[in-house]
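Residue numbers (this note's numbering), protein chains in the order written: chain A, 1 to 215; chain B, 216 to 430.
Virtual Cβ for every residue (Gly too), placed ideally from N, Cα, C.
2 protein chains.
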Amino acid sequence: MDSKKPKSDVYWVKFEISKEDRRKLKGHASVVIWLTGLPASGKTSIARELEKRLHEMGGHTYVLDGDNMRHGLNRDLGFSKEDRQENIRRIAEVAKLFVDAGIITICAFVSPFKEDRETARSLVEANEFIEVFVNCPVTVCIERDPKSLYKKALSGQIKSFTGVNDPYEVPDCPDIVVETNKLTLSETVDTIVKHLNDKGLIEDLKCSACSDNTG
Amino acid sequence: MDSKKPKSDVYWVKFEISKEDRRKLKGHASVVIWLTGLPASGKTSIARELEKRLHEMGGHTYVLDGDNMRHGLNRDLGFSKEDRQENIRRIAEVAKLFVDAGIITICAFVSPFKEDRETARSLVEANEFIEVFVNCPVTVCIERDPKSLYKKALSGQIKSFTGVNDPYEVPDCPDIVVETNKLTLSETVDTIVKHLNDKGLIEDLKCSACSDNTG
Chain A
1 MDSKKPKSDV YWVKFEISKE DRRKLKGHAS VVIWLTGLPA SGKTSIAREL
51 EKRLHEMGGH TYVLDGDNMR HGLNRDLGFS KEDRQENIRR IAEVAKLFVD
101 AGIITICAFV SPFKEDRETA RSLVEANEFI EVFVNCPVTV CIERDPKSLY
151 KKALSGQIKS FTGVNDPYEV PDCPDIVVET NKLTLSETVD TIVKHLNDKG
201 LIEDLKCSAC SDNTG
Chain B
216 MDSKKPKSDV YWVKFEISKE DRRKLKGHAS VVIWLTGLPA SGKTSIAREL
266 EKRLHEMGGH TYVLDGDNMR HGLNRDLGFS KEDRQENIRR IAEVAKLFVD
316 AGIITICAFV SPFKEDRETA RSLVEANEFI EVFVNCPVTV CIERDPKSLY
366 KKALSGQIKS FTGVNDPYEV PDCPDIVVET NKLTLSETVD TIVKHLNDKG
416 LIEDLKCSAC SDNTG
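Below, the structure written as structure tokens:
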């Protein structure tokens with residue numbers, strides 16, 4: 001039995017079909033596209049539209065979304081700093097499995113702490129993690145407030161709400177910044193798809209947003 | 216924003232690209248193939264060979280393996296009954312995500328308790344879970360003992376070791392039983408692949424093990 005990295009009595013098992021084999025099957029790279037930003041900054045809307053676009057291009061995608069994960073894998077976690085960290089740790093581990101499985105993995109999480117985002121980045125290879133800072137002024141997020149969560153936080157009904165009474169640490173060097181109060185959703189998705197294309201990650205997919213690059 | 220099932224302030228977000236869309240892209244169904252059995256009964260070897268076979272047929276597969284998960288997602292868990300249950304719960308939630316992502320998901324876990332396997336089954340649809348009982352007499356497993364874990368358990372160095380001082384609850388109605396002390400590895404994999412084919416789950420893949428079904 002092939003094994004490496006013994007951890008007490010738990011061994012790492014190597015399987016024959018590799019990430020590269022799966023990528024070959026699919027014709028595109030697998031990466032984590034990590035959308036971080038304030039609540040209501042637009043992460044989920046971007047995830048939805050980006051997935052749709054990449055799927056239409058023939059890409060195999062999956063979205064790991066903050067709220068959805070809290071209904072399943074992370075249903076036992078709350079919103080303390082420790083629980084938020086564990087929330088992101090587990091998601092990052094799952095994202096790593098998805099990248100290993102050959103999938104373009106879109107993660108939409110507030111993920112307010114730099115340290116946690118760096119943990120997520122550290123789990124995959126350097127060229128497999130694309131941090132997208134979904135930048136939107138908190139005043140605009142408060143106006144949008146689709147789930148009335150800012151309203152509840154501002155009135156004291158919710159404690160530890162990022163952007164109101166809990167900090168959001170702005171990324172130092174994100175791979176992409178999208179300003180969702182200035183761009184349309186379609187333009188935002190264009191920006192991300194072009195970045196993926198420029199990095200050679202989706203070369204075999206049909207990319208309409210990138211046609212001006214080929215002329 | 217589409218949402219259902221509110222759980223306090225956490226909403227379920229529906230994305231546009233569905234499991235069916237991904238399946239269409241791939242030409243096969245996505246299921247959980249859950250291998251359960253004693254340590255050293257052959258689960259990991261079957262997972263490896265089954266994945267290789269399905270990949271060669273053009274299937275998109277991924278293996279979630281007991282030891283590997285304990286190096287990542289479940290690194291914080293030990294081997295108490297509670298921790299074993301949490302181990303299986305998290306894995307089952309991840310398997311559900313993989314099925315949703317359109318992947319043939321092979322799970323190789325001792326998973327000794329019926330209740331936990333039923334939890335795993337309950338998370339996906341009825342036709343998406345295939346329980347494979349990897350049946351091998353404990354005396355044969357003790358002879359194999361590739362990681363010398365039975366030796367340690369029998370000498371008292373490891374406590375709570377399934378098959379020695381911790382129970383294994385035999386499945387009542389597994390979808391498939393493979394007796395790894397009677398079949399070769401190749402025959403074992405044939406049995407599982409034929410089952411998948413008979414259920415119409417891999418119709419679009421090239422199945423050499425199923426050629427006698429088509430005559």
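Does residue i come out as helix, strand or coil in the three-state DSSP assignment?
i	result
B/ASN350	strand
B/ILE248	strand
B/ALA255	coil
B/TYR383	coil
A/CYS107	strand
A/ASP204	coil
A/LEU73	coil
B/VAL339	coil
A/LYS24	helix
B/ASN428	Per-residue confidence for B/ASN428 stands at a pLDDT of 45, beneath the threshold of 50, marking its modelled position as unreliable; the derived number appears in the next sentence. Three-state result, B/ASN428: helix.
A/ILE17	coil
B/LEU328	Reading off the sequence, residue 328 of chain B comes out as Phe, not Leu. It is coil, neither helix nor strand.
A/CYS141	helix
A/SER45	helix
B/PHE294	coil
B/GLN300	helix
B/LYS414	coil
A/LYS147	coil
Pull the bridge partners of residue i from the DSSP assignment, please.
i	result
B/GLU394	B/ASN350
A/GLY129	For the record, residue 129 of chain A in the displayed sequence is Phe; it is not Gly. Paired residue(s): A/VAL32.
B/LEU400	Per DSSP, none; premise fails for B/LEU400.
B/THR377	B/ASP381
B/TYR277	B/THR320
Taking Cβ positions only, does residue i come closer than 8 angstroms to chain A?
i	result
B/ARG305	yes
B/LYS219	In this prediction, B/LYS219 has a pLDDT of 41, which is less than 50 and means its spatial position is unreliable; nothing more can be read from the coordinates.
B/ARG336	no
B/LEU240	yes
B/GLY287	yes
B/ALA244	no
Check the Cβ-Cβ distances between residue i and every residue of chain B, and say whether any is below 8 angstroms.
i	result
A/LEU154	no
A/LYS96	yes
A/THR162	no
A/VAL63	yes
A/HIS55	yes
A/HIS60	yes
A/PHE129	no
A/ALA126	no
When the Cα atoms are used, what is the spatial distance from residue i to residue j?
i	j	result
A/LYS81	B/PRO327	34 angstroms
A/HIS60	A/ALA120	21 angstroms
B/GLU271	B/LEU420	9 angstroms
A/LEU123	B/LYS239	31 angstroms
B/VAL309	B/ILE321	12 angstroms
A/ARG48	A/LEU64	11 angstroms
A/ASP166	A/TYR150	12 angstroms
A/THR44	A/ALA153	20 angstroms
A/ASN197	A/GLU203	6 angstroms
A/GLU143	A/SER30	36 angstroms
B/ASP331	B/TRP249	12 angstroms
B/LEU398	A/VAL134	55 angstroms
A/THR162	A/GLU179	18 angstroms
A/GLU51	B/ARG304	27 angstroms
A/HIS71	A/ASP100	24 angstroms
A/HIS195	A/PRO174	12 angstroms
Under 8 angstroms, Cβ to Cβ, is there at least one residue of chain D near residue i?
i	result
A/ASP21	In the displayed structure, chain D is absent; the protein chains listed are A and B.
What in chain B is Cβ-close to residue i, meaning under 9 angstroms?
i	result
A/LYS52	PHE230, GLU231 and ILE232
Using a C-beta to C-beta distance shorter than 7 angstroms, which residues of chain B count as neighbours of residue i?
i	result
A/ARG48	PHE230 and GLU231
A/ILE103	ALA316
Give the interface partners of residue i over in chain B, defined as CB-CB distance under 8 angstroms, in chain order.
i	result
A/GLU93	GLY287 and LEU288
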